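Everything below concerns the one structure shown next.
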Amino acid sequence: EMEELEDSEDRRCLVCDTPITAIHFGMDACRACSSFFKRVKLSGKKYNCRRGDGKCVITSGGKVTCRQCRFDKCLAVGLAYDSPLRINKRPQIESPDPADPVNFPSTSTESFLDRIGREFNASIDRRRIQERIFLQESDETTRLPHPSEEMYFTSYATSLRTYDYTILETRQFFKAVFPNLQSLTLLEQKNLFALYLPKFSLMEAHFRTRKIWGSVGHYLMSSVLICVDLRNPDSWVGKEDGGVNRATLIQSIEQYTHEQCSLIVPIMNRAQLTNKEFHATLALLLCDSADAEGMPDKVAMLLDEIQVEVMEELQRYYKHEMGLSDFSTRLGNLMTLTHTMRECAALFQEFFRAQVALFDLYTAQEMFKELFILSSDD
6 EMEELEDSED
16 RRCLVCDTPI
26 TAIHFGMDAC
36 RACSSFFKRV
46 KLSGKKYNCR
56 RGDGKCVITS
66 GGKVTCRQCR
76 FDKCLAVGLA
86 YDSPLRINKR
96 PQIESPDPAD
106 PVNFPSTSTE
116 SFLDRIGREF
126 NASIDRRRIQ
136 ERIFLQESDE
146 TTRLPHPSEE
156 MYFTSYATSL
166 RTYDYTILET
176 RQFFKAVFPN
186 LQSLTLLEQK
196 NLFALYLPKF
206 SLMEAHFRTR
216 KIWGSVGHYL
226 MSSVLICVDL
236 RNPDSWVGKE
246 DGGVNRATLI
256 QSIEQYTHEQ
266 CSLIVPIMNR
276 AQLTNKEFHA
286 TLALLLCDSA
296 DAEGMPDKVA
306 MLLDEIQVEV
316 MEELQRYYKH
326 EMGLSDFSTR
336 LGNLMTLTHT
346 MRECAALFQE
356 FFRAQVALFD
366 LYTAQEMFKE
376 LFILSSDD
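Numbering-wise (the numbering used here), the sequence shown opens with residue 6 and increments by one.
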């Protein structure tokens, strides 16, 4: 299926225009596009154009959003996969045109999005208890006055030590919400979770901040109970932290935070997520890993199935709970948000490795290092 190129200079994928070093299925196609094409052929899935006109732009750099147009372009450039097909008995359809009426059967069982919401809230309740116990025993913690919420200021180092609770509880959430992923190998689950965790944490932090403060401007919630004063970077790092490089450490954290906020805040302002959309996004963030470099086809196919289920439930929600006949803009915002979080997760990986290399941070965070250092070497 793949053939290395001896001279790959100026060779680009005919589908998404990304540079390539090998051809797939006999064509100038990148690994991601050829794997996507193979998955669709094997699954027999049917997609509809997100814009409805079949003219979506397909580009590299994680900006591919319309699967129907991507598949059509694969066919147009000549990709072909002739192995025996494993067609699903029931073709799954993603994101139909909002103008086309869709009748969904009613059900009394818990929906997928409701399960996500229930498990997320349970996870937050457990983390709140764990963080409260830890912070009340710390001498680097100050209670922040707020009329209805319990929250604290603390040092960057102390905040990092609470992240073990986030990892453990997010892993529990991951297993409870996506039980089908337990069929994967432990290494596949670990790598998938390592891709998911930064996106989950960023999404949760910004959504929680907006729920509590209305916007991300003065404060940013970095955990369930810990709040960061964005206007006072000097307060982020303890007086003894960083040693002679303390000023450089503060500057690096400030630059990273600014870059993240400059990407996330505009799309969050446009999206104005409801709770249900937030729960859907927590699943879509996982599904966005389907095209990650080196992702096995069987993993990507499971993620595709999850995305189809989420999109179907979102359509029910928009039509029957929000009363919308045209929800293309809201769906488009969610897809843009998931791609933005992918970009932000990449920024986090760069930031994390720099913190380890330059400032010798995270020496006590074994789970942190296992996820974001060891997994990158697998």
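Backbone N, C-alpha and C fix where the C-beta goes; we use that ideal spot for every residue, glycine too.
Since this is a predicted model, take the numbers as computed values, not measurements.
DSSP bridge partner residues for Thr159 (one or two, in chain order) = Residue pairing for Thr159: DSSP places it in a beta bridge opposite Thr146.
Report all residues from its chain with a CB closer than 7 angstroms to the CB of Ser40; omit the five preceding and five following residues, and keep chain order.
-> Once the five neighbours on either side are set aside, the close Cβ partners of Ser40 are Asp302, Ala305.
Endpoints, beta strand (DSSP E) assigned at Asp234 | First-last of the beta strand (DSSP E) with Asp234: 232-234.
How many angstroms separate the CA atom of Ile134 from the CA atom of Glu174?
-> Rounded to whole angstroms, Ile134 to Glu174 spans 12 angstroms at the Cα level.
In three-state DSSP terms, what is Tyr86?
-> Assignment of Tyr86 by DSSP, reduced to helix, strand and coil, places it in the coil class.
According to DSSP, is Ala34 helix, strand or coil?
-> In the structure shown, Ala34 sits in coil (DSSP, three-state: anything other than H, G, I, E or B).
Under three-state DSSP, which class holds Met316?
-> If DSSP states are grouped into helix, strand and coil, Met316 belongs with the helices.
Are the CB atoms of Ser227 and Ser164 nearer to each other than 8 angstroms?
-> Ser227 places its beta carbon less than 8 angstroms from that of Ser164.
Look at the alpha carbon of Asp22 and the alpha carbon of Cys71, and state the distance between them as a whole number of angstroms.
-> Approximately 16 angstroms between the Cα atoms of the pair.
Leu225, enclosing beta strand (DSSP E) - first and last residue = Boundaries of the beta strand (DSSP E) around Leu225: 224-226.
Close-in-space but distant-in-sequence residues of the same chain around Cys35 (CB under 6 angstroms, 5 per side omitted) = Within the same chain, Cys35 has close Cβ partners Cys18, Thr23, Ile25.
Is the beta carbon of Arg55 less than 8 angstroms from the beta carbon of Val20?
-> One thing to note: Arg55 has its Cβ no nearer than 8 angstroms to the Cβ of Val20.
Delimiting residues of the alpha helix (DSSP H) encompassing Ile217 = Unbroken alpha helix (DSSP H) run through Ile217: 191-218.
Based on the DSSP secondary-structure assignment, which residues constitute the bridge partners of Leu17?
-> Checking the displayed sequence, the identity of residue 17 turns out to be Arg instead of Leu. Answer is Pro24, bridged to Arg17.
Nearest-angstrom Cβ-Cβ length linking Ile272 and Thr341, presumed shorter than 8 angstroms | Contact flag correct, Cβ pair sits at about 6 angstroms.
Drop a sphere of 10 angstroms on the beta-carbon of Glu142, count the other beta-carbons inside from all chains shown, and report buried for 16 or more, exposed for fewer.
-> By the neighbour-count criterion, in which a residue is buried when 16 or more other Cβ atoms sit within 10 angstroms of its Cβ, Glu142 is exposed.
In whole angstroms, what separates the C-alpha of Gln320 from that of Phe332?
-> Taking the straight line from one Cα to the other gives about 8 angstroms.
Can you tell me where the alpha helix (DSSP H) with Ser116 in it begins and where it stops?
-> Here Ser116 belongs to no alpha helix (DSSP H), and DSSP marks it neither H nor E.
Backbone CA spacing between Glu314 and Arg16 [nearest angstrom] | One alpha carbon belongs to Glu314, the other to Arg16, and they sit about 37 angstroms apart.
Excluding five sequence neighbours on each side, which residues of the same chain lie with their C-beta closer than 7 angstroms to the C-beta of Phe205?
-> Excluding positions up to five away in sequence, the list reads Thr175, Leu287, Leu290.
Alpha-carbon to alpha-carbon, Asn250 and Ile28 = The C-alpha of Ile28 lies about 47 angstroms from the C-alpha of Asn250.
Among the residues of its own chain, which have a CB less than 7 angstroms from the CB of Phe178, if the five just before and after it don't count?
-> Scanning its chain for C-beta atoms nearer than 7 angstroms, with the 5 sequence neighbours on each side dropped, one finds around Phe178 the residues Glu124, Phe125, Ser128, in chain order.
Out of Leu278, Leu149, Thr190, Ile121, which has the shortest C-alpha to C-alpha gap to Ser220?
-> It is Leu278 whose Cα lies nearest to the Cα of Ser220.
For His211, which residues from the same chain have a beta carbon less than 8 angstroms from its beta carbon, with the 5 sequence-adjacent residues on both sides left out?
-> Cβ within range, chain order: Val221, Leu225, Ile269, Val270, Met273.
Contact belief for Tyr157 with Leu230 at Cβ below 8 angstroms, rounded distance in angstroms = Going by Cβ atoms, the distance from Tyr157 to Leu230 rounds to 6 angstroms, so yes, they are a contact pair.
Rounded C-beta distance between Phe30 and Ala85? I'm assuming under 8 angstroms.
-> With a beta-carbon spacing of about 6 angstroms, Phe30 and Ala85 fall inside the 8 angstroms limit used to define contacts.
Leu352 and Gln265: beta carbons closer than 8 angstroms?
-> It is a contact, given that the beta carbons lie within the stated cut-off.
Considering only C-alpha positions, which residue in the set Leu254, Glu326, Leu336 is nearest to Ala276?
-> Answer by Cα proximity: Leu336.
Could you work out which residue in Ser153, Lys195, Leu192, Arg132 is closest to Asp169 when comparing CA atoms only?
-> Measuring from the Cα of Asp169, the nearest candidate turns out to be Arg132.
Around the Cβ of His325, are there at least 16 other Cβ atoms within 10 angstroms (buried) or fewer (exposed)?
-> A residue is called buried once 16 or more other Cβ atoms fall within 10 Å of its Cβ, and His325, having fewer, is exposed.
Which term fits Leu118, buried or exposed, when burial requires 16 or more other beta carbons within 10 angstroms of its beta carbon?
-> Leu118 comes out buried.
How long is the line joining the alpha carbons of Met208 and Gly122, rounded to whole angstroms?
-> Looking at the two C-alpha atoms, the distance is approximately 14 angstroms.
Taking the C-alpha atoms as reference points, what is the distance between Glu355 and Ala181?
-> Rounded to the nearest angstrom, the two C-alpha atoms are 30 angstroms apart.
Own chain partners of Glu136 with C-beta closer than 8 angstroms, once the 5 adjacent residues on each side are dropped = Hits under 8 angstroms: Thr167, Tyr170, Ser228, Val229, Leu230, Ile231.
Have a look at Ala37 and Glu348 and give me their C-alpha separation to the nearest angstrom.
-> Rounded to the nearest angstrom, the two C-alpha atoms are 17 angstroms apart.
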